[in-house]
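Residue numbers (the numbering used here), protein chains in the order written: chain Y, -17 to 392; chain U, 14 to 408.
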């Protein structure tokens, strides 16, 4: 018996670009929704231009690892939304969709004449998610931003980094946070629509999506009046709690000790070296106080050893310990392999690669990488002809008027 | 009415991810019963920062954040009468969320098959560090180890120093969000055929999804990745009069505007700087000198406004204190007042988006066993039963 596609009755008109929105819609496609990604030949998804195999290749916009990974499980069309005909066709698509999602700056959908009120006119129970940087209201609504701005203005950047070092940014993590939070929002709105028959507009600020997750820190600051500074891999209460060097070039393992029992187990695993008998390391509080000495000692023990051996040995003793996996290690990690966490997809222009799968395993439903990222305008005929009912002459005319196409104009 | 009104959830989770998953559903109006062990309850009550006390219950900021809007039931499900009570609750529940080590519930004959027999169509979400199978299934996990084994850490930090975790438990937070997505998708599917799901959710795998696909990049034969906290050189922290502010860019247009902003016009002339990291590294000192000079007499907010006026995606690395005072967040009513027995009154983030599907009034997290009487009377127990269970330590 084939497993269910949980969202097989849902269609998403996806205007998102770069990383945040596309990550979310890729998951929705993995759950079985029909996601239609809309780009234009006037303006392709900017993520296509990153990490391309060969910037001089005329097809470089199809060859980026980032774009390929973030846009699985979607069909792709092009539509120039600046033209009246392009808008008209977009609205035809909205009529047949359940959800419209964008991650433009707040002003864009309105100035295209495609704001929520307009979309609701053509499809009264449509769900619209606008995930701008700062949200649809407030003095900063029109300000621009991407992942790093989310990090900075949410408090995440100041919370992460080396002890005594500058604030950091969290690379792609804040984009993923926003994209996955949008999926949560969409599924709630679908539940609401099942109950009431009504759609809705969801105003999501990507800064707020991240600031929400700092709730515990924000509450604790008000209760204590104290601000926690950046502490690298250390823990406010427990020690040792750090990343230690292992045998080989740039190889590391994490070790976290949270109780006296775990400390005793660690001491035993190390063969009870003399230094561990020191009473300065006898209690949780004492170990925290003398943390930097313990870090040096422990590094002395891990340095000559294989990171996986350290992990296996300490995990046998009930200690939380993790090998720091390099990108290659992820592809042959025995746990990821046992759970089939990388799936092969073959795509025109780039060939076959293994992409990370989703962290949701259902007993009787599929949630997985199903198809590779669309090439630019790959499904124009299928969607405009099959779904919107245009005939070949009409589609040809769109092509001549550059409302659709399969190569970027610039 | 919020989107999930009428949905009944039993939350057996403890720690971060399981309880957070259940809270996200409570935020949308689901009726969530948090089931805790009578001896002390969820360990997060006594973890991380200030520990408050109300009656016999301990409460931390972390516990409050993760468990608000739930009802509290203290119940020892390892005790046979406790287990019976739990089964009765399952008979009227839609969803069970749990975060025990794999196999724990099976040993109590409370695994998915058993729960499904009690309540056909039930959805069970099992949230763990490594998932329900595979060689790591019985491993101990914490945020540091998950970040390492999910491939995050190796990419985060300076190349000549140790790899880093993120400074707050974002990997477990994301695991909780994925859990809520799993439950909501399963509910959507159940509308079609009445069938439930068992959902296996792993924090290691949530972490795997949080990065810039380093393992995919390697397969694309791009230049090998190195750990470098600002490898793409798309963000520059510059000292303003009152602290750090950040000048960021992503597109060619933003880089041009940024160079114009700080008066380093000639650096905008070479478009390959956007992709050629070696070239870019060479001009960073010159750029930083110009940017530092530009920022030195400005406050952070002045510099921020000036940059944004030129469509440069600037930011300010706010602390928790400064986030609370942010003009933009406050103009949007992002912070709402809540009150938690044992902690008092404080402002907290509302939900991460504005939607009519969400409850608007913030609620406290339950004290340990706060709603025992009402919940148990609802399934037919009387005051004598409650007294007996209490003295036996079952509730």
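Note that CB positions come from ideal geometry on N, CA and C, so glycine has one too.
Top-ranked residue by Cα proximity to residue 61 (chain U), from U:140, U:51 and U:74: Position 48 of the second chain, counted from the first residue, corresponds to residue 61 (chain U). When each option's Cα is compared against that of residue 61 (chain U), the closest is U:74.
Determine the DSSP secondary structure at residue 348 (chain U), reduced to helix, strand or coil. Taking the second chain and counting its residues from 1, the one referred to as residue 348 (chain U) is at position 335. If DSSP states are grouped into helix, strand and coil, residue 348 (chain U) belongs with the strands.
List the residues of chain Y that residue 168 (chain U) touches, going by C-beta distances under 8 Å, in chain order. The count along the second chain starts at 1 and reaches residue 168 (chain U) at position 155. 153 and 309, listed in chain order.
Whose C-alpha, out of Y:52, Y:392, Y:205 and Y:285, is nearest the C-alpha of residue 225 (chain Y)? Along the first chain, read from residue 1 onward, the residue named residue 225 (chain Y) stands at position 243. Of the listed residues, the one whose Cα sits closest to residue 225 (chain Y) is Y:285.
Is residue 191 (chain Y) closer than 7 Å to residue 163 (chain Y) when the C-beta atoms are compared? Against the first chain, residue 163 (chain Y) aligns to sequence position 181. Against the first chain, residue 191 (chain Y) aligns to sequence position 209. Closer than 7 Å, so yes.
Under the three-state reduction of DSSP, which class applies to residue 108 (chain U): helix, strand or coil? The residue given as residue 108 (chain U) occupies position 95 in the second chain. Strand, per DSSP.
Starting from residue 245 (chain Y), follow the alpha helix (DSSP H) in both directions and report where the run begins and ends. Stepping through the first chain from its first residue, residue 245 (chain Y) is reached at position 263. First-last of the alpha helix (DSSP H) with residue 245 (chain Y): 242 to 251.
Specify, as a first and last residue, the run of the alpha helix (DSSP H) that residue 4 (chain Y) falls within. Walking along the first chain from the start, residue 4 (chain Y) turns up at place 22. Here the alpha helix (DSSP H) through residue 4 (chain Y) covers 2 to 12.
Is it right to say residue 355 (chain Y) is buried, meaning 16 or more other beta carbons lie within 10 angstroms of its own, or is it exposed? For the purposes of this step, residue 355 (chain Y) is taken as the residue at position 373 of the first chain. With 16 or more other Cβ atoms within 10 Å, it is buried.
From residue 107 (chain U) to residue 25 (chain U), what does the alpha carbon distance come to, in whole angstroms? Residue mapping note: residue 107 (chain U) aligns to position 94 of the second chain, counting from 1. Residue mapping note: residue 25 (chain U) aligns to position 12 of the second chain, counting from 1. Near 14 Å, if we compare the C-alpha coordinates of residue 25 (chain U) and residue 107 (chain U).
Could you check where the beta strand (DSSP E) with residue -7 (chain Y) kicks off and where it finishes? Taking the first residue of the first chain as 1, we reach residue -7 (chain Y) at position 11. Segment -7 to -4, the beta strand (DSSP E) holding residue -7 (chain Y).
Member of U:254, U:245, U:252 and U:257 whose CA lies at the smallest distance from the CA of residue 263 (chain U): Here the question's residue 263 (chain U) lines up with position 250 in the second chain. Residue U:245 is the option with its Cα nearest to residue 263 (chain U).
Just to confirm my understanding: we take residue 124 (chain U), look at its own chain, exclude 5 residues before and 5 after, and list those with CB closer than 8 Å. What are they? Residue mapping note: residue 124 (chain U) aligns to position 111 of the second chain, counting from 1. These residues qualify, in order along the chain: 118.
Do residue 324 (chain Y) and residue 336 (chain Y) have their CB atoms nearer than 7 Å? What you label residue 324 (chain Y) is simply residue 342 of the first chain in a count that begins at 1. What you label residue 336 (chain Y) is simply residue 354 of the first chain in a count that begins at 1. Cβ distance < 7 Å, so residue 324 (chain Y) and residue 336 (chain Y) count as in contact.
As assigned by DSSP and simplified to three states, the class of residue 273 (chain Y): Within the first chain, the letter at position 291 stands for residue 273 (chain Y). Secondary structure at residue 273 (chain Y): helix, using DSSP grouped into helix, strand and coil.
Are the C-beta of residue 231 (chain U) and some C-beta of chain Y separated by less than 7 Å? Against the second chain, residue 231 (chain U) aligns to sequence position 218. True, the Cβ-Cβ gap to chain Y drops below 7 Å.
Shorter than 7 Å from the beta carbon of residue 326 (chain U) to some beta carbon of chain Y? The residue labelled residue 326 (chain U) in the question sits at position 313 within the second chain. So, interface residue.
Residues sharing a beta bridge with residue 336 (chain Y), DSSP: Taking the first chain and counting its residues from 1, the one referred to as residue 336 (chain Y) is at position 354. According to DSSP, which records beta bridges pairwise, residue 336 (chain Y) is partnered with Y:326.
In the DSSP output, what is residue 86 (chain U) paired with across the bridge? Residue 86 (chain U) sits at position 73 when you count from the first residue of the second chain. The partner list for residue 86 (chain U) (beta bridge, DSSP) reads U:48.
In three-state DSSP terms, what is residue 156 (chain U)? Locating residue 156 (chain U) in the second chain gives position 143, counting from the first residue. The answer is helix: DSSP assigns residue 156 (chain U) an H, G or I state.
Does the distance from the C-beta atom of residue 196 (chain U) to that of residue 259 (chain U) stay below 7 Å? Sequence index remark: in the second chain, residue 196 (chain U) carries index 183 (1-based). Sequence index remark: in the second chain, residue 259 (chain U) carries index 246 (1-based). Not in contact: residue 196 (chain U) and residue 259 (chain U) (Cβ atoms no closer than 7 Å).
Own chain residues within Cβ distance below 8 Å of residue 45 (chain Y), not counting five before or after: Within the first chain, residue 45 (chain Y) is the residue found at index 63, counting from 1. Only 34, 35, 36, 39, 331 and 332 meet the Cβ criterion.
Listed in chain order, which residues of the segment 312 to 346 of chain U have Cβ atoms closer than 8 Å to some Cβ of chain Y? 321, 324, 325, 326, 327, 328, 329, 330, 331, 332, 333, 334, 335, 336, 337, 339, 340, 341, 342, 344 and 345
Could you check whether the Cβ of residue 79 (chain Y) sits closer than 7 Å to any Cβ belonging to chain U? What you label residue 79 (chain Y) is simply residue 97 of the first chain in a count that begins at 1. So no, residue 79 (chain Y) is outside the interface.
Indicate whether the contact test is met: 3 or more Cβ pairs, each with one atom in the segment 364 to 379 of chain U and one in the segment 167 to 183 of chain Y, closer than 8 Å. Per the Cβ contact rule, the segment 364 to 379 of chain U is in contact with the segment 167 to 183 of chain Y (3 or more Cβ pairs under 8 Å).
Go ahead and label residue 159 (chain Y) buried or exposed: buried means 16 or more other beta carbons lie within 10 angstroms of its beta carbon, across all protein chains shown. Position 177 of the first chain holds residue 159 (chain Y). Buried, because 16 or more other Cβ atoms sit within 10 Å of the Cβ of residue 159 (chain Y).
Stretch-stretch touch, CB-based, cutoff 8 Å, three pairs: the segment 83 to 92 of chain U with the segment 374 to 394 of chain U: With three or more CB-CB distances shorter than 8 Å, the segment 83 to 92 of chain U counts as touching the segment 374 to 394 of chain U.
Chain U beta carbons: is any one of them nearer than 7 Å to that of residue 279 (chain Y)? Indexing the first chain from 1 puts residue 279 (chain Y) at position 297. So no, residue 279 (chain Y) is outside the interface.
Counting only Cβ pairs nearer than 8 Å, list the residues of chain Y close to residue 80 (chain U). Looking up residue 80 (chain U) in the second chain gives position 67. Ordered by position in chain Y, no residue passes the 8 Å Cβ test against residue 80 (chain U), which lies about 11 Å from the chain.
For residue 279 (chain U), count neighbouring C-beta atoms within 10 Å of its own C-beta (all shown protein chains included) and say buried if the count is 16 or more, exposed if not. If you number the second chain from 1, residue 279 (chain U) lands on position 266. Residue burial annotation: residue 279 (chain U) is exposed, with fewer than 16 other C-beta atoms found within 10 angstroms of its C-beta.
Can you check which of these residues, U:37, U:126, U:49 and U:23, is closest to residue 16 (chain U) by C-alpha distance? As a first step, residue 16 (chain U) must be located in the second chain, where it is residue number 3. The shortest Cα separation from residue 16 (chain U) among U:37, U:126, U:49 and U:23 belongs to U:37.
Through-space distance from residue 320 (chain Y) to residue 146 (chain U), alpha-carbon basis: Within the second chain, numbered from 1, the residue matching residue 146 (chain U) stands at position 133. Within the first chain, numbered from 1, the residue matching residue 320 (chain Y) stands at position 338. Cα to Cα, the separation comes out at about 8 Å.
For residue 23 (chain Y), collect the residues of the same chain with a Cβ closer than 6 Å to its Cβ; drop the 5 residues on either side in sequence, then sort them by chain order. Here the question's residue 23 (chain Y) lines up with position 41 in the first chain. So the qualifying residues of the chain are 60, 387, 390 and 391.
Taking only three categories from DSSP, how would you classify residue 122 (chain Y)? Taking the first chain and counting its residues from 1, one reaches residue 122 (chain Y) at position 140. In the structure shown, residue 122 (chain Y) sits in coil (DSSP, three-state: anything other than H, G, I, E or B).
What residue from Y:221, Y:11, Y:361 and Y:146 has the CA that sits closest to residue 272 (chain Y)'s CA? Indexing the first chain from 1 puts residue 272 (chain Y) at position 290. Cα-wise, what sits closest to residue 272 (chain Y) is Y:221.
Let me make sure I understand the geometry here. Which of U:400, U:220, U:261 and U:307 has the alpha-carbon closest to that of residue 128 (chain Y)? For this step, residue 128 (chain Y) is matched to residue 146 along the first chain. Checking every option, the nearest Cα to that of residue 128 (chain Y) belongs to U:261.
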